[in-house]
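Peer 1: Shown below is the structure under consideration.
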Amino acid sequence: MKRFADLAFTPSVVAAQQRYGSREIGRRLEQRPPPTALGDRECDFIAQCESFFIATVGAGGWPYVQHRGGAAGFVRCIGDDTVALPDYRGNRQYLSVGNLDHDGRVALIIVDFAEQQRLKLMGRARHVDAADADPDLIARLGPSVGNALVERYLLIRIESFDWNCPQHIPLRISPEAVAARLQPLNRHIDHLESLLREAGVDVPQRPDTPTPRRP
Ligand SMILES: Cc1cc2nc3c(=O)[nH]c(=O)nc-3n(C[C@H](O)[C@H](O)[C@H](O)COP(=O)(O)O)c2cc1C
28 MKRFADLAFT PSVVAAQQRY GSREIGRRLE QRPPPTALGD RECDFIAQCE SFFIATVGAG
88 GWPYVQHRGG AAGFVRCIGD DTVALPDYRG NRQYLSVGNL DHDGRVALII VDFAEQQRLK
148 LMGRARHVDA ADADPDLIAR LGPSVGNALV ERYLLIRIES FDWNCPQHIP LRISPEAVAA
208 RLQPLNRHID HLESLLREAG VDVPQRPDTP TPRRP
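According to the numbering used here, the sequence shown is numbered sequentially starting from 28.
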């Protein structure tokens, strides 16, 4: 694997660092030892994610970014330096996969809004038709959500990664986490209401508080 700076600090990036006075910080990043593999921290983070963004490079030179989502575990580390995920049939424009046939380079950003953390990864992707994919790989990535049809699997050999600072990540938590956090409060309200009833108080109907649901 390479340092993130080795891939990202192109001459025009270095020139911008010089112009804006951060070249020294850039130089220190260039001297960090490169990672040798995806570690537990990266793989655990990847395995819990339910969504991320992936950028590919079009033949016209334009970057193209698309969202990918699924149940936690739909994207996983397989081996020291490879990440795998299913690629679902969608609007049949085949933009990401078509771009990969021209240039395998991809950039991913995975954001955990509940923990306010983000991981950037750069790598080279190849795709394998679902019919030709290793059954063990298919089993590891788990079932699709709803009626999504897996057309192929993407295998991304990660060349570098970088953890970003958590600044400016809005705090968002899943419907399940909201429900879990409300549970003790609801139990407490139940208890208080029963005490009131025992004391002869006519307890008014509790307002409806719908549990947040996924669409
Ligand atoms: C019924 C259905 C279910 C889908 N489910 C998912 C899904 O769970 N996760 C996902 O990333 N894309 C899913 N897709 C595909 C996306 O909506 C989208 O079409 C696809 O990512 C387009 O990729 P592209 O822009 O690279 O061509 C689904 C599409 C359909 C039609």
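Positions of the beta carbon are idealized from the N, C-alpha and C atoms, including for glycine.
Which residues mark the beginning and the end of the beta strand (DSSP E) in which isoleucine 136 is found?
Peer 2: Numbered from its first residue, the sequence shown carries residue 136 at position 109. It spans 132-139 - the beta strand (DSSP E) in which isoleucine 136 sits, taken as one unbroken run.
Peer 1: Quick one: what's proline 234 bridged to in DSSP?
Peer 2: The residue you call residue 234 lines up with position 207 of the sequence shown. Per DSSP, none; premise fails for proline 234.
Peer 1: If you draw a straight line from the alpha carbon of isoleucine 73 to that of arginine 55, how long is it in whole angstroms?
Peer 2: Along the sequence shown, read from residue 1 onward, the residue named residue 73 stands at position 46. Along the sequence shown, read from residue 1 onward, the residue named residue 55 stands at position 28. Between isoleucine 73 and arginine 55, the C-alpha separation is close to 27 Å.
Peer 1: Between glycine 125 and arginine 151, how many whole angstroms is the CB-CB distance? I'm expecting something under 8 Å.
Peer 2: Within the sequence shown, numbered from 1, the residue matching residue 125 stands at position 98. Within the sequence shown, numbered from 1, the residue matching residue 151 stands at position 124. Actually they do not touch by this definition, with Cβ atoms about 16 Å apart.
Peer 1: Is any heavy atom of ligand 1 found at a distance shorter than 7 Å from the C-beta of arginine 116?
Peer 2: Position 89 of the sequence shown, counting from 1, holds the residue named residue 116. At least one heavy atom of ligand 1 sits closer than 7 Å to the Cβ of arginine 116.
Peer 1: Is glutamine 210 near ligand 1, in the sense that its beta carbon is under 7 Å from a heavy atom of that ligand?
Peer 2: Sequence index remark: in the sequence shown, residue 210 carries index 183 (1-based). No, Cβ of glutamine 210 sits at least 7 Å from all heavy atoms of ligand 1.
Peer 1: I need the straight-line Cα distance from methionine 28 to proline 60, nearest angstrom please.
Peer 2: Counted from its first residue, the sequence shown places residue 28 at position 1. Counted from its first residue, the sequence shown places residue 60 at position 33. Cα to Cα, methionine 28 sits roughly 10 Å from proline 60.
Peer 1: Under the criterion of a Cβ to heavy atom distance below 7 Å, does glycine 96 qualify as lining ligand 1?
Peer 2: Position 69 of the sequence shown, counted from the first residue, corresponds to residue 96. Yes, ligand 1 has a heavy atom inside 7 Å of this Cβ.
Peer 1: Do you know offhand how far leucine 176's Cα is from glutamine 45's?
Peer 2: By one-based count along the sequence shown, residue 176 stands at place 149. By one-based count along the sequence shown, residue 45 stands at place 18. Their backbone Cα atoms lie some 48 Å apart in a straight line.
Peer 1: Where does aspartate 67 land, buried or exposed, given buried means 16+ other C-beta within 10 angstroms?
Peer 2: As a working mapping, residue 67 is identified with position 40 in the sequence shown. The residue in question, aspartate 67, is exposed, as its Cβ has fewer than 16 Cβ neighbours within 10 Å.
Peer 1: What does the Cβ neighbour count give for aspartate 156, buried or exposed, with the cut at 16 atoms within 10 Å?
Peer 2: Residue 156 sits at position 129 when you count from the first residue of the sequence shown. So aspartate 156 ends up on the exposed side.
Peer 1: Near valine 138, what residues of its chain come up, given a Cβ to Cβ distance below 7 Å and the 5 sequence neighbours on each side ignored?
Peer 2: By one-based count along the sequence shown, residue 138 stands at place 111. Correct list, in chain order: Arg145 and Ile196.
Peer 1: On the three-state DSSP scale, how would you describe asparagine 213?
Peer 2: Here residue 213 refers to the residue found at position 186 when the sequence shown is read from its first residue. Three-state DSSP puts asparagine 213 in a helix.
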